[in-house]
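For what it's worth, this note's numbering labels the leading residue of the sequence shown as 23, then goes sequentially. Working notes for the structure below.
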Amino acid sequence: MVLGYREYDPTRDGVLEYDPTRDGVLEVDQIGADKVDVFFVPPEHSLIDAGLDPQKAHNHRTKLLEIDGKDAKLTIVPICTFANRDGFLRPKYEQVERITLEGERFYGDLPSTPDEILDLLEELPPAFTKNYAFGLGLAKPYRFIIDAVEQLTDCTEIVISGTRDTGPASNGKIFYISRKDFERARRSMNSIGNLAQAAVREVRRVAAYNIFAESMGMNPVEPKLGRHPHRKLFTTIAQGKEQLSEEEQMAILQAMGNHAAKLAEEEPEKLAKLRGDIELVTLETLIQQYEAMLRKKLAENEWQEFFNENPFILNLAFGYPVIKVRDQASVGGRKLSGDGEKITDFLVKNSLTNNTAIFEIKKPQTPVLNKRPFREGVFTPSADLSGSINQALDQKYQFQRQVAQIKENSRLYDIESYAVHCCLVVGTTPESEDRQKSFELFRRNSKDVEIVTFDELLEKLKQLADFLRTADEEAAE
Numbered sequence: 023m024v025l026g027y028r029e030y031d032p033t034r035d036g037v038l039e040y041d042p043t044r045d046g047v048l049e050v051d052q053i054g055a056d057k058v059d060v061f062f063v064p065p066e067h068s069l070i071d072a073g074l075d076p077q078k079a080h081n082h083r084t085k086l087l088e089i090d091g092k093d094a095k096l097t098i099v100p101i102c103t104f105a106n107r108d109g110f111l112r113p114k115y116e117q118v119e120r121i122t123l124e125g126e127r128f129y130g131d132l133p134s135t136p137d138e139i140l141d142l143l144e145e146l147p148p149a150f151t152k153n154y155a156f157g158l159g160l161a162k163p164y165r166f167i168i169d170a171v172e173q174l175t176d177c178t179e180i181v182i183s184g185t186r187d188t189g190p191a192s193n194g195k196i197f198y199i200s201r202k203d204f205e206r207a208r209r210s211m212n213s214i215g216n217l218a219q220a221a222v223r224e225v226r227r228v229a230a231y232n233i234f235a236e237s238m239g240m241n242p243v244e245p246k247l248g249r250h251p252h253r254k255l256f257t258t259i260a261q262g263k264e265q266l267s268e269e270e271q272m273a274i275l276q277a278m279g280n281h282a283a284k285l286a287e288e289e290p291e292k293l294a295k296l297r298g299d300i301e302l303v304t305l306e307t308l309i310q311q312y313e314a315m316l317r318k319k320l321a322e323n324e325w326q327e328f329f330n331e332n333p334f335i336l337n338l339a340f341g342y343p344v345i346k347v348r349d350q351a352s353v354g355g356r357k358l359s360g361d362g363e364k365i366t367d368f369l370v371k372n373s374l375t376n377n378t379a380i381f382e383i384k385k386p387q388t389p390v391l392n393k394r395p396f397r398e399g400v401f402t403p404s405a406d407l408s409g410s411i412n413q414a415l416d417q418k419y420q421f422q423r424q425v426a427q428i429k430e431n432s433r434l435y436d437i438e439s440y441a442v443h444c445c446l447v448v449g450t451t452p453e454s455e456d457r458q459k460s461f462e463l464f465r466r467n468s469k470d471v472e473i474v475t476f477d478e479l480l481e482k483l484k485q486l487a488d489f490l491r492t493a494d495e496e497a498a499e
């Protein structure tokens, strides 16, 4: 069966009809009960352009996909399909020859027709080329992922995995990329692209304005740089200007600091924008620090110290405003600073009602579910998670028993125990759908302890940064 790829043409409405002369042929070979190989046969016009005999098209069929139902893997073999290039029908990249997606599910029978293959390609992650006529692989904006692997290693295969950490295999041939790191790289490149486009739009807007303003005898304006450091860089480059040196930047910041009071009085808008810039840059730095810590196997006390230095992150775990009362608070002793029997990592309170909440901080590596399913598709909470929940509940119990004495002995009267909230920061979000379902079912039924994963707090930080950047870009347009 011959099937072409349908793609959107911006010069026409709707979807283009299939054109086999243009797109070439997909051939599906069944390799046993659990494996399928997919081949690409180039169209006649490509063979002619490449100086090959179009009557022998089948001699030039090239493998494009390997589908392994037993091991739940989909392997892409990216090839060059442009006949005017020297590497026609050869690997698309210099070094990387295969990209494998682990954990891909194939419900029912494996795909056996070109139509089913095309449906499968539509389900590829957003960073992938889904048009087989272009040889598959990563879409052009994400080619830098391939470049990075080729620069850093000698690996010839990339495996995107939901169970392995990022790094080369012991054989030196396979480079594993965790799904989280792959998604992080994809989002980062999307963000950079959006910032670059915003910078170019701003410079073009100002260029048009200044040309007409000059003709009318009016003063020119400067482009708005935006808050994000990448946006500032792109705007500066688009203008054809060089960046200030690090020494010059530090001198300007120092001068601004020395005259902050005067600036607040004379130009409050500029001071507000300066503060906004600093806040966004600080948040970006914090996100980078958080991501770096997640990649390491740090002890609980190191995470406790991090949250102690950045207590506003604890706010993100609640739907109401909280402020920190004390870290390493004794909730079972005579006062918060004493050596009580029960120590909670953080005691916080609602800044409006003074109702208290207990925070217990574990580690990202703490498993939240058992490795083996209890029943097919059903996983039970790990002993670490269950124990941590009971620990938090016991702290709550001890605190409620001792709260009157604690308030009196600590001379801290603006805390209340109307309904003490417990929050547990532990582990990371499970990878597979079954494990995610089991985790959500369990924690949504945990009414007394709020369970939040480390990567969820990171995602909330990123969303906050995205919100600030979007607001800044909209204000600049």
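Even for Gly, the Cβ is constructed at its ideal location relative to N, Cα and C.
Residue i (DSSP reduced to helix, strand or coil)
i	result
aspartate 131	coil
glycine 399	coil
valine 118	coil
aspartate 93	coil
threonine 388	coil
valine 171	helix
glutamate 179	strand
threonine 84	strand
asparagine 376	coil
leucine 483	helix
aspartate 187	coil
glutamate 453	coil
phenylalanine 381	strand
glutamine 265	Note on glutamine 265: pLDDT 48, under 50, position unreliable in the model; the coordinate value appears next. Of the three classes helix, strand and coil, the one that applies to glutamine 265 here is coil, per DSSP.
aspartate 51	strand
proline 163	helix
phenylalanine 489	helix
leucine 74	coil
9 Å Cβ cutoff met for residue i and residue j
i	j	result
isoleucine 199	glutamate 179	no
aspartate 59	lysine 85	yes
lysine 418	aspartate 470	yes
aspartate 406	valine 448	yes
threonine 103	leucine 87	no
proline 65	valine 47	yes
valine 228	glutamate 205	no
isoleucine 89	lysine 57	yes
asparagine 376	alanine 441	no
aspartate 71	asparagine 106	yes
asparagine 337	leucine 308	no
leucine 305	aspartate 477	no
valine 63	arginine 83	yes
isoleucine 121	leucine 160	yes
First and last residue of the uninterrupted beta strand (DSSP E) at residue i
i	result
alanine 441	438-447
isoleucine 199	196-200
valine 474	471-474
aspartate 59	57-63
Cβ neighbour criterion (16 or more within 10 Å) applied to residue i
i	result
serine 460	buried
valine 118	buried
proline 148	exposed
arginine 208	buried
tyrosine 435	exposed
isoleucine 568	Outside the shown range of the chain (23 to 499) lies residue 568, about which nothing can therefore be said.
glutamine 310	exposed
serine 68	buried
glutamate 144	exposed
glutamate 224	buried
proline 403	buried
Residue range of the alpha helix (DSSP H) that includes residue i
i	result
lysine 152	Element bounds for lysine 152: n/a, residue is neither H nor E.
alanine 191	First-last for alanine 191: undefined, no H or E at that position.
aspartate 71	66-71
glutamate 144	136-144
glutamate 327	322-331
leucine 336	334-337
Spatially closest choice to residue i from the options, by CA coordinates
i	options	result
serine 410	Thr375, Ser468 and Pro452	Ser468
phenylalanine 381	Ala339, Leu407 and Ala405	Ala339
glutamate 456	Ala72, Val400, Ile383 and Asn212	Correcting the residue type first, residue 456 is aspartate in the shown sequence and not glutamate. Taking only the C-alpha atoms, the option nearest aspartate 456 is Val400.
leucine 158	Ala405, His80 and Ile139	Ile139
valine 370	Glu398, Phe421, Thr135 and Asp488	Phe421
lysine 393	Arg433, Asp436, Pro452 and Pro386	Pro452
glycine 215	Lys162, Ala79, Lys385 and Asn323	Lys162
glycine 125	Leu111, Asp176 and Arg186	Arg186
phenylalanine 166	Thr122, Gly184, Ser68 and Met211	Met211
phenylalanine 334	Phe150, Thr43, Asn193 and Ser373	Ser373
tyrosine 154	Ile168, Asp137 and Thr475	Asp137
Chain D within 9 Å of residue i, Cβ atoms only
i	result
serine 439	As a matter of chain content, chain D is missing from the structure shown, which is built from one protein chain.
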